[in-house]
Structure formats: C-alpha cells, structure tokens
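Just so it is clear: in the sequence shown, position 409 is 1067 by my numbering, and no numbers are missing.
We treat Cβ as the ideally placed atom computed from N, Cα and C, and that holds for glycine.
Here the structure is a predicted model, which is why all the values come from computation and not from measurement.
Okay, so here's the structure we're looking at.
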Amino acid sequence: MQTDNTILTPTNVKQFAAGVTYQNRILCTTLANKLKVHAYGIMPKDLIEERRPSEPEEIKKYRAKIYVPITKKSISKVISSLEKIRRSQDWSIQYDPENVPRVIATTETLEQYCEMDYPVFHSITNWAFSELLRKYLLDANGIIAVVPMEIPESNAEYVRPVAQFYDSNQIMDYAEGQYIVLKSRDTSTYRSTNGRIVNTNGAIYYVITTTQIARYEQVNSKGDVQAVQIYDHNMGYLPAFKAGGIFHSRTNNETIFESRLSGMIPSLDEAAREYSDLQAEIVQHIHSEKYAYTNSECSECHGAGTVRDKDGNTHTCTKCHGTGSVLQVSPYGVHLISAAKAGEQQLPAPPIGYIQKSADIARLQDERVRQHIYDALSAINMEFLADTPLAQSGVAKAFDRDELNNFVNAIAEDIVRILDGVYLLVCEYRYMNIVPNPEQRRAMCPNINVPTKYDILNTSNLMAELTAARQANINPVVLRELEIDYAKKQFCTDPDVARMAESTFDLDPLFGVKEEDKMTMLSNGGITEQDYIISCNIQSFVRRAVNEDRQFYAKTYEQKMETMRKYAEEVQTANEPKQQAQPIDFGGLNNLPTDEQNDKDNAHGENDKQDGEQTEKIKRPLKRQANG
C-alpha cells in the first residue's frame, strides 16, 4: 500500500494524470458511454456503422448530419419520473436536536448547514435530485467526493464542505480505499519563462488520500504538474466513494458496477440503429419523383460517362458519375430520361410523369422503432411512459405495480445510501475539531427513511388500474387506496381538492358498497344506522367539517370520525317522530267537552233515552200486574 508521501509527488501525479496506470478506466468509461449516447443525444456512430460496414463514406456522413436522438426522450422521462421519489409521502430526513452538542452554535448546526445554507443548491436534498440522481443513473462507477469549498484559516472555523460528482472519464487513477486522482473540469493558465501566456487550458487535478486533499495544476506544455494547495483532513479514510448500482464484476481489486438503467441499452441501441435507417428510407422512398424525357447529355463527358485528364488517362465523369446524363433525384427535382436514339426502342411512358413509391417499409420501420423504445422502458418496468399506450401495443405485457415498486425502491435505497455517506462526511469536516468524540458526531447525522409510497404512475395508468379493480370487485380497502392515489395525482396542483377527496374516501365507513347494498345491509342489521347516515352524507359532512374547522385535515382519524358521528347524531335526532304536545291548563276550561265529545255524548244520550223508554215499557206491565 502506498503512503501519502509516495502518492503526493509531482512525478507520480503526472503519471497518474496520463491515465495509463488505471487498468479499469476503459471498462468504467465504456459502461457509462453506452447510456450517455442515448441520454445526451450523441450520434452512436459505432452502433450504426457496425450495422452498415460497407456503406459509402458520403452516406455515413449524411446519416450523421440528419441524425435525430430518438432515444433521448425515453431516458429523460425515466429520470424525471424518478425525481418524484422525494415527493413520496414517507420521504423524510429527521434530525434529533437533543444530539447537538452545546459547543456548536445554533447558526452552525448540521441541519442548518445541510438543509438551508448548503452552497449553490441550498440543501443536500436539492443537490441529490437535481444533479446526483441523473449522473449516478448514467455512470454507476462515478465518484462522489466531499471536499471543502475553501481551506479554513484555523481549526476553530467551520468548514463548508460540498459533494461533487466526478464521471468515470474524470477518474485518472483509483486504488480502492487508498487514493483517487480526479481531473477537474476547471482549467488553469500556465506561462512561459518570459511571462507570456502560453495556454489557458491547463489541466487541474485533485489527489485525495486517506489523510489529505491536494490540488495540482499543469505548469508547462510537457504536462508537468505542481501542487498549489494541500489540505489535511485526517479522517483516516477516503472522503470519496463510488456511486454504485448493479454489481458487474470484481476486477483488479476494484468493484465495478452497472447502471440500474443498463437493461434499457440493447433495445435503445436497436431503436437508434433502425431510426437512422428509417430516416434514410423516408428520404429515398416516401417522396415521389418526377420524370421527363430529355435529349440532353452530360455537358462534361458528352454522354460517354468517362473523361480523359491532361495526361491522357481515362476516369469516370465526376459530374454524371458515369451515367452520361445528370440526374436530379432530390424530392423536388426531376429525373431525366434520355430519349431513344436511332434504332433504339422508346420506353412506353408519357413524356412527363411521377414515380410512386411504396411506404410499407417505412411504416414497418416506424413500428419497430416504437416497439424497441417500449421494450427498453419495459426492461425497467416503466413501460407506462411509452408514447404508444399499452392497449395499442400488440405485444405489451400486463403492467405490474410490484415490479415497478421494486425497481424504484432499489434506486431509493441507493440515493439514501449515498446521502448517508455525504451527511457523515460533511459532519466530519465541520465538527471533527469541535466535537472530538466520533460517536457524538455520528449521532448528529440525520435519519433518512427509505420511502415505500411512491408517486410515480401517471393519471391515465392509475385510472386503468382503478377501473380494472372496480370491475374485479376488489377488496374495498385496496380500492380506497387506489382512489386516494388517483385523487392525489389528478389534483396535485390543487391540494385542497386532493385532501377533500382523500378524507371522503378515508372516512366513509361503507366505501365501495353500492347504494342498494347499503339499504339491504341496514334492513338486515348488518350495519348501524349511524354508519349508513355517514356514508350517505360523507361529502357534505366533510365539507361542513372543513368550513367549521380549518385544521380538520390535520386531525387524527379518530378525531375526524368523532366529528362525523356528531353530524350523524344530528340527522338521527332530526328524523325522530315528534311527541304530541301536552295541553295547557286554563283553570278547568280546557276540560270543556270538544265538539267531537259533544257528538259522542249526544249519541250516548239518545241511546240512554231509548234504553230508558224500553226500560219504562218493561216496568209498566209489571206495575199493571201488581195493581191487578
């Protein structure tokens, strides 16, 4: 193992800078370039020429001139979708204020620096999703190095470290766990002995070891370098590490990674190749060509097709290319056909016409290009980003949310792993001399939760998933979660509507139950009357609750349900039958008979009268008998 004294010498650095000692440099850059040609829209010259090795040079140049990066949009869509990881409901970076030593000023805490005062990006999270995510996905063997922005003047000064990503082509030498030589994109100026400016593009290198960071600048045209700045970080380990991804190999005592997007490469390569062919096919076969007879000959060779130079040597005519006539074959030109000479048969055609060409090949190629792009997205379970909808693709596979979540989760874990390393190194730089206890420094670092609730799918895909779930009569609990996901996505620009929808779905005790089924369940005693009332009035109840209490959404589920139950009780009370009112006592006047009572009394009176008369008739004979 080399020591810092043997590493940090101008001679060694010059040798490292040449890149000849780093055995894995070509492998790492090759792996990265396979993706970068698509992500950056670079003409994949090697890919196309491999398919057409015998193609004339002028055609190769023409292909390069008209090349359109058809695959660039797919990579951009993937990265843009993955940037939504930070919008996940459970994405969080939590600091414990109890773990901040009192010796650290309140304006210089790790949280203050990393989340509010971080240079350029304002926060490390912003840096992670603005720069890191894209570069790490394209170059898994790139290096994240945490270095101070400027050398502090004393140990009592708070260091301002920043994380920087170096591509594989910037790594000039690397010994895992020992040192790394990085080429900066910045340049230096070196002068000749007389002070005249010679070059303003001098190379700048950074050499990072387990104890030091040194800046070297080129000093002459021979490539000699000189140390201009050395900083002792004294951590005992490299403040730099690989981005990582999918394990590729262990080569020359170094771990080599592949990007998590590497599965897209074969299909993207095919799409780029065939799209270049499609462009040529369109030029050659889409446009109809106009033709006309002519008696004109090539003015250069006079119809012979060959010419003689001044030395008497015969050469093919450069003007007509040996045809004896000049052809205009552009989409807007005219294809000239020489009239038949004496003794020759004239072609049976009108003097002027158009040559119609078949577009079938172009259509087939266009379909194949689209299918290749779809297959590339499907390789990482993000086929929903394809321009061609799933229903229109004859070979589209069924969308699998679990596969997508597994892919996104792997990337989220990588991001959290990298951020854990960055936060630790930032903490070491800033507080090593202020907080000597390493365990205390580690306790100051935040806890970063790996999210699981991702907001990746678009609304059309969520709607398709939701429709399928409804038709399958899926469990209401699962259906509720799908409804909530769709509402959040659909109304992402209107959080009030999204919260209203979420609360409506969440607080409905009979969510997913049809109205007729609710009535049946109520009549059978399967649900309470209160649950039935809440479910039937859930939208108006939630709207009322929000109007009465602006903090309603922030309450717990039980607190929200208590409000719903209160509203339901009000409805129950209003629907109860009213009891007959008690009569008012007016000192006996209220005891006077009513008309109805009088009618009844009169009826009873007549009956009594009749009964009396009948009784009297019975009594009279008895009296007569007694008298007789």
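Identified DSSP bridge partners for residue i
i           : result
residue 900 : 801
residue 913 : 908
residue 776 : 780
residue 974 : 964
Option in the options with minimal Cα separation from residue i
i            : options                   : result
residue 790  : 926, 912, 1193 and 737    : 737
residue 813  : 1042, 714 and 1091        : 1091
residue 1225 : 1194, 1213, 1208 and 1214 : 1194
residue 836  : 1109, 1181 and 868        : 868
residue 847  : 856, 839, 841 and 799     : 856
residue 1287 : 900, 1114 and 1094        : Any answer about residue 1287 is impossible in this case: the structure gives the chain only from 659 up to 1286.
residue 740  : 701, 1038 and 1098        : 1038
residue 783  : 743, 811, 810 and 903     : 743
residue 1173 : 1158, 1093, 1192 and 804  : 1192
residue 1228 : 865, 1188, 834 and 723    : 1188
residue 1094 : 678, 759 and 714          : 759
residue 1171 : 932, 696, 1190 and 870    : 1190
residue 1028 : 916, 930 and 1175         : 930
residue 1199 : 1183, 1167, 772 and 1179  : 1167
residue 697  : 793, 885, 746 and 781     : 793
residue 1081 : 771, 675 and 747          : 771
residue 826  : 705, 811 and 680          : 680
residue 1156 : 1201, 1169, 911 and 1183  : 1201
residue 820  : 804, 872 and 834          : 804
residue 746  : 1182, 1231, 777 and 1107  : 1107
residue 735  : 1035, 860 and 888         : 1035
residue 750  : 773, 1159 and 815         : 773
Where residue i falls: helix, strand or coil (DSSP)
i            : result
residue 681  : coil
residue 892  : coil
residue 1105 : strand
residue 969  : coil
residue 960  : coil
residue 750  : strand
residue 885  : strand
residue 1197 : helix
residue 1235 : coil
residue 1113 : coil
residue 1029 : helix
residue 922  : helix
residue 697  : helix
residue 1169 : coil
residue 762  : coil
residue 725  : coil
residue 667  : coil
residue 1093 : coil
residue 1036 : helix
residue 1019 : helix
residue 767  : coil
residue 1045 : coil
residue 1179 : helix
residue 676  : coil
residue 1050 : Only weak support exists for where residue 1050 lies, its pLDDT of 43 falling under 50; the value from the coordinates is given anyway. Three-state DSSP puts residue 1050 in a helix.
residue 1209 : coil
residue 1126 : helix
residue 1157 : helix
residue 1059 : helix
residue 710  : coil
residue 1304 : Past the boundaries of the shown model lies residue 1304; the chain is included only from 659 to 1286, so the question cannot be answered.
residue 1185 : coil
Exercise for review: Enumerate, from N- to C-terminal direction, the unbroken beta strand (DSSP E) stretches of 3 or more residues contained entirely within the region 803-882.
Suggested key: 819-824, 829-833, 837-841, 846-849, 855-860, 862-867 and 870-876
Practice item. Evaluate the contact criterion for the region 749-765 versus the region 665-683: three or more CB pairs, one atom per stretch, below 8 Å. Key: no
Practice item. Evaluate contact between the region 919-928 and the region 685-702, counting only Cβ atoms and requiring at least three cross-stretch pairs below 8 Å. Key: yes
Review point. Between the region 870-883 and the region 1075-1082, are three or more C-beta pairs nearer than 8 Å?
Key: no
Point to revise | Touching by the beta-carbon criterion (3+ pairs, under 8 Å), the region 958-970 and the region 717-730 | key: no
Check your understanding: If you pair each beta-carbon of the region 710-723 with each one of the region 1085-1102, do three or more pairs fall below 8 Å?
Key -> no
Check your understanding: Three or more beta-carbon pairs under 8 Å between the region 1098-1112 and the region 1066-1073, yes or no?
Key -> yes
Check your understanding: How do the region 795-811 and the region 896-906 stand: do at least 3 beta-carbon pairs fall below 8 Å, yes or no?
Key -> yes
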